[in-house]
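Each residue of the sequence shown is one higher than the one before, starting from 12 at the first, in the numbering used here. Data block below; observations after.
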Amino acid sequence: MDDLAFLLLVLNTASAMCIAFREFLRRGGYLTLPFLTSLLFLSWYLPQAWTLLDYPTIAPESLVRLLFMSMLCFWAMVLGWHRGLGRWCQPVALNLPVRRLLLPVYTITLFAMVMRALIEMQPPEVRAMGQWTGIITIIAFFSSVSVVSMALSTAMILKKRNLATLVLFSLNLLTYLPLIFIYFRRADTFEFGLAVLLGLFFVQGRTIPRVALIALTIVGFFFVNAVGELRTLGGGYRIGDTGVIEARLPTLSEIAKIDWLAAVDLSDSVHRSETMNAVVSMEAVAQYGPFTLGAQFWNRMVFAYIPGQLLGHDFKRSLMVSDDALEVARENFFFEAHTGTTSTGFLHPYQDFWFLGCAVWWFAGYVMGRVMRHALRGSILAYALYAATISNAVHMTTHFGYYLFTQSVLIVIAILFVRLWLRRTKQRGRYETKGIYA
12 MDDLAFLLLV
22 LNTASAMCIA
32 FREFLRRGGY
42 LTLPFLTSLL
52 FLSWYLPQAW
62 TLLDYPTIAP
72 ESLVRLLFMS
82 MLCFWAMVLG
92 WHRGLGRWCQ
102 PVALNLPVRR
112 LLLPVYTITL
122 FAMVMRALIE
132 MQPPEVRAMG
142 QWTGIITIIA
152 FFSSVSVVSM
162 ALSTAMILKK
172 RNLATLVLFS
182 LNLLTYLPLI
192 FIYFRRADTF
202 EFGLAVLLGL
212 FFVQGRTIPR
222 VALIALTIVG
232 FFFVNAVGEL
242 RTLGGGYRIG
252 DTGVIEARLP
262 TLSEIAKIDW
272 LAAVDLSDSV
282 HRSETMNAVV
292 SMEAVAQYGP
302 FTLGAQFWNR
312 MVFAYIPGQL
322 LGHDFKRSLM
332 VSDDALEVAR
342 ENFFFEAHTG
352 TTSTGFLHPY
362 QDFWFLGCAV
372 WWFAGYVMGR
382 VMRHALRGSI
392 LAYALYAATI
402 SNAVHMTTHF
412 GYYLFTQSVL
422 IVIAILFVRL
432 WLRRTKQRGR
442 YETKGIYA
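Shown next as structure tokens:
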């Protein structure tokens, strides 16, 4: 066991625990980016990192490099958050014009439902793939706008219950329920849960009891790490004997039979863990480089927003610059990442800017803190933006260091559409009022 690696693991763990406890004691603090990131560190990243401490093929300096980078990123995010937020305060009443929001939110909801229906219409062999490719990825990209309508419809029904808001919320609920209880999508479950909790906090000023929060945290730990068992029961990723995906809702007795402790035991899967991908790839970058100075962000934007199916895959590849860190590891260490795994959010900022890549995390924390600041002051658009992007911000830990910025473009466009509609209807109301007294 390397003493420095052990010390850094302890410091990472202590840092996450201290920030989580601090926000836990604050009213509404469980909705902040530092708290949620701390929980993901404690429930996902650090358990994987601890299993690598005595792994025979990992050089101690390789693990030290990752742990030092992760600690820099974590504290950079916390400092950026507080810089953007300023002083924490309890929220003022949201400026929530329910009637004027109905049409734009219905429009986004129906658009997302159509996209979701198109996904279900894709061939079973396409939907059952572990990693989607082709036209279904474009449809899934557009369907992600549902998080905006989910956040706004939740706030609207909490503010004013009538037939219009009830139908709107029900449509969004119908979109999310299969994703949560049949496909067991972690991101969608996270989005839905936060939409409800944020709506209760910002619209009604209500928080959940701390005992309930502890229970949710424990359930979340098992859900995050043992979701594969649930997905097997749901059947949403498997083609049955009839040649179709026979998705179904698992029974409580089936869920109770899962060996949850064995399911969250990471010792047997350490060789194909996301943290292993990050350790090996970061070592490859350190040895063989070079540092790519923002190329990883550019490449991910090209990957996400240039449709190879329409413009050609060769053209798409020609726009990318430099190799991904996993490619560097494959070429130099003959390392193959397990299909479906990520490489944490610390690798690519490091590949771009060395340890100074933690500035990416600072900026993400600053942006989210700034948005929260305006939401606490009653801005409905800031509330919608925070509720719709907080999942992407938290996924920086698990997926990609630039995830908040690369995956939130469509969300920002949808909220700009809502903003434009609210401004136009507000101006129209002013003109009509002037006409009455003319």
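All C-beta atoms, glycine included, are put in the ideal place defined by N, C-alpha and C. All figures in this text were calculated on a predicted structure; none of them were measured in a lab.
- In terms of CA proximity to A162, N183 leads the group T144, N183, K171.
- Each residue's CA atom was taken as its position, placing R341 and L50 some 31 Å apart.
- In this structure R37 touches W99 by the C-beta definition: roughly 7 Å separates them, less than 8 Å.
- When beta bridges are read from the DSSP output, I146 appears opposite no residue.
- Runs of the alpha helix (DSSP H) lying entirely within the stretch 214-298, each at least 4 residues long, are 221-236, 238-245, 263-267, 271-274 in chain order.
- Around the C-beta of L74, 16 or more other C-beta atoms lie within 10 Å, and the residue is accordingly described as buried.
- Out of A139, A123, L427, the CA that lies nearest to the CA of I150 is found in A123.
- The criterion of a C-beta distance shorter than 8 Å is not satisfied by R388 and V214.
- With a contact defined as Cβ atoms closer than 8 Å, L185 and D199 miss out at about 13 Å.
- For L63, there is no enclosing alpha helix (DSSP H), since its DSSP letter is neither H nor E.
- In this model, A175 and V109 are separated by some 10 Å (Cα to Cα).
- Between the C-alpha atoms of H406 and T48 there is a straight-line separation of about 8 Å.
- By alpha-carbon distance to L415, the top candidate from E338, W372, L20 is W372.
- Under the DSSP assignment, P45 falls in the alpha helix (DSSP H) whose first and last residues are 44-51.
- By the CB criterion at 8 Å, Q320 and I146 fall inside the cutoff.
- Looking from the CA of L18, the closest CA among L77, R249, V125, A128 belongs to L77.
- In this structure, S155 keeps its C-beta atom at 8 Å or more from the C-beta atom of L396.
- Taking the CA atoms as reference points, G204 sits about 34 Å from S292.
- Taking every protein chain shown into account, the CB of Y41 has 16 or more other CB atoms within 10 angstroms, so this residue is buried.
- For I30, the enclosing alpha helix (DSSP H) starts and ends at 14-36.
- Ranking F192, A398, H410 by CA distance to the CA of L209 puts A398 first.
- For the set Y248, L241, R259, the Cα lying nearest the Cα of A267 is the one of L241.
- Distance from the Cα of L431 is smallest, within the candidate group W55, L114, N236, for L114.
- Cβ contact annotation for R311 (same chain, cutoff 7 Å, sequence separation greater than five): F411, Y413, T417, in chain order.
- DSSP, read as helix, strand or coil, puts H410 in coil.
- Taken atom to atom, the span from the alpha-carbon of T352 to that of F85 is near 21 Å.
- G247 places its beta carbon less than 8 Å from that of A258.
- For W61 and D325, the gap between their C-alpha atoms comes out near 41 Å.
- The continuous alpha helix (DSSP H) containing S402 extends over residues 391-405.
- In this chain, the alpha helix (DSSP H) harbouring S81 covers 71-96.
- Comparing alpha-carbon positions, the option among K170, T408, W143 lying closest to A87 turns out to be T408.
- Under the Cβ criterion (8 Å, minimum of three pairs), the stretch 270-277 does not count as touching the stretch 297-315.
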